[in-house]
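With our numbering applied, the sequence shown covers 1 to 132.
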Amino acid sequence: MAYRLFLKCLLFSLLFVVNAQAQEDENQQVITGAENMEKYLPMLEGKRVALLINQTSVVGPKKVLLPDTLLNRGVNVVKIFAPEHGFRGKAEAGEKVSDEKDSKTGLPIISLYGSTKKPTEAHLADVDVLIY
């Protein structure tokens, strides 16, 4: 009987600990990967990088698209996988999007909202790292 009471008290106490931890975490600021670029850029050195992104994948207060930022920092971006609306967000909701070449960067854009819904083995053959 005393053992069960002890377990109930222990579990009840743990609720306070978990709740206190949750409140502490709520006060911490979430920092996105784009804002922590200096931490992961060295890991991309010498790698062939593909990006699965859309028009909301921007970096910094000037809201520069992620591929432009990575290319300017010397990262070997080899292709972009684009979900619904396409890479630059020009396609309407539900509209099929075809593969194309980005006019600004010259990178191939593989649509994942056309006949292909996920990258194939062939798409990933020349990719070392895929960033979402």
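We treat Cβ as the ideally placed atom computed from N, Cα and C, and that holds for glycine. Here the structure is a predicted model, which is why all the values come from computation and not from measurement.
- Less than 8 angstroms separates the beta-carbon of valine 58 from that of valine 64.
- Taking lysine 118 as the centre and dropping the five residues before and after it, the same chain places the C-beta of Leu112 closer than 7 angstroms to its C-beta, in chain order.
- For leucine 41, the enclosing alpha helix (DSSP H) has its first and last residue at 37 to 44.
- Distances from the CA of proline 67 to each of Leu51, Leu124, Gly114, Asn36 were compared; the closest alpha carbon is that of Leu51.
- DSSP places alanine 122 in the uninterrupted alpha helix (DSSP H) bounded by 121 to 124.
- Measuring C-alpha to C-alpha distances from asparagine 54 to each of Val75, Asp126, Lys79 identifies Lys79 as the nearest.
- Rounded to whole angstroms, phenylalanine 81 and leucine 41 show a C-alpha spacing of 20 angstroms.
- In the same chain as leucine 130, and ignoring 5 residues on each side of it, the C-beta atoms closer than 6 angstroms to its own belong to Ala50, in chain order.
- Sequence-distant partners of valine 75 (beyond 5 residues in either direction) whose C-beta falls short of 6 angstroms from its own C-beta, in its chain, are Leu44, Val49.
- Shortest Cα-Cα distance from leucine 124 to any of Arg73, Lys62, Val77, Thr105 involves Val77.
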